Amino acid sequence: MSADLLITSHLTIPGDALSWTAVRSSGPGGQNVNKVSTAVELRLDLRLVEWPWGVLGRLRALAGKRIDSTDVLLIVSQTTRSQERNLADARDRLAQLVREAVPPPVPRRPTRPTKGSKERRLTQKGQTGETKRLRQRPRDDA
Numbered sequence: 319m320s321a322d323l324l325i326t327s328h329l330t331i332p333g334d335a336l337s338w339t340a341v342r343s344s345g346p347g348g349q350n351v352n353k354v355s356t357a358v359e360l361r362l363d364l365r366l367v368e369w370p371w372g373v374l375g376r377l378r379a380l381a382g383k384r385i386d387s388t389d390v391l392l393i394v395s396q397t398t399r400s401q402e403r404n405l406a407d408a409r410d411r412l413a414q415l416v417r418e419a420v421p422p423p424v425p426r427r428p429t430r431p432t433k434g435s436k437e438r439r440l441t442q443k444g445q446t447g448e449t450k451r452l453r454q455r456p457r458d459d460a
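Going by my numbering, the sequence shown opens with residue 319, and the numbers climb by one from there.
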């Protein structure tokens with residue numbers, strides 16, 4: 319059980335939805351690597367949060383493979399040699415991920431190409447075609 323994690327003024331991750339475990343870090347680390355569990359695995363159980371459906375859908379899309387079949391989001395942090403700093407880093411990364419999922423996507427407004435851009439494209443196409451034509455073997459018209 320962790321403390322609540324404030325995302326925005328209207329959105330908070332409840333502490334009972336968060337859990338973390340300390341595990342051994344991978345990679346080189348000298349004499350400490352096989353003795354101390356400094357890496358942190360932070361888990362967010364999405365079944366325990368009550369957010370708008372759109373936020374949860376966007377979060378699932380952003381998280382991708384970090385969400386398992388039981389609807390638990392996993393954030394792993396092993397950037398530092400301190401368990402406390404790795405936990406703070408994992409909480410920050412989780413908060414940032416949720417903040418990215420909060421705003422709805424801006425709908426795309428279809429636009430038309432300008433007259434100038436059409437002319438530039440056609441001019442460029444003509445120049446490319448001329449360059450390719452000049453690369454060809456000369457034809458015998460005799």
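From the three backbone atoms N, C-alpha and C, an ideal C-beta is built for every residue, glycine too.
Just so we're clear, the structure is a prediction, and the values are computed from it rather than from any experiment.
Checking the DSSP bridge columns, you'll see A357 partnered with V341. Here T339 is exposed. Its C-beta has fewer than 16 other C-beta atoms within 10 Å.
Here L412 is actually not in contact with L380; their C-beta atoms are around 11 Å apart, not less than 8 Å. Between the alpha carbons of T432 and R438 lies a gap of roughly 10 Å. Bridge pairing for D363: V390 [DSSP]. A Cβ-Cβ contact shorter than 9 Å links I331 with L362. Listed in chain order, the alpha helix (DSSP H) elements of length 4 or more contained wholly in the stretch 389-426 are 401-419. Straight-line spacing of the CA atoms in E418 and R376 works out to 9 Å.
When the beta-carbon positions are compared, L391 and L366 stay at least 9 Å from each other. When only Cα atoms are considered, L336 and S387 end up about 17 Å apart. Annotation: Q442 to T429 spans about 22 Å, alpha carbon to alpha carbon.
With contacts defined as CB atoms closer than 9 Å, S343 and S355 qualify as a contacting pair. Approximately 6 Å separates the beta-carbon atoms of V420 and L329; this is inside 8 Å, confirming the contact.
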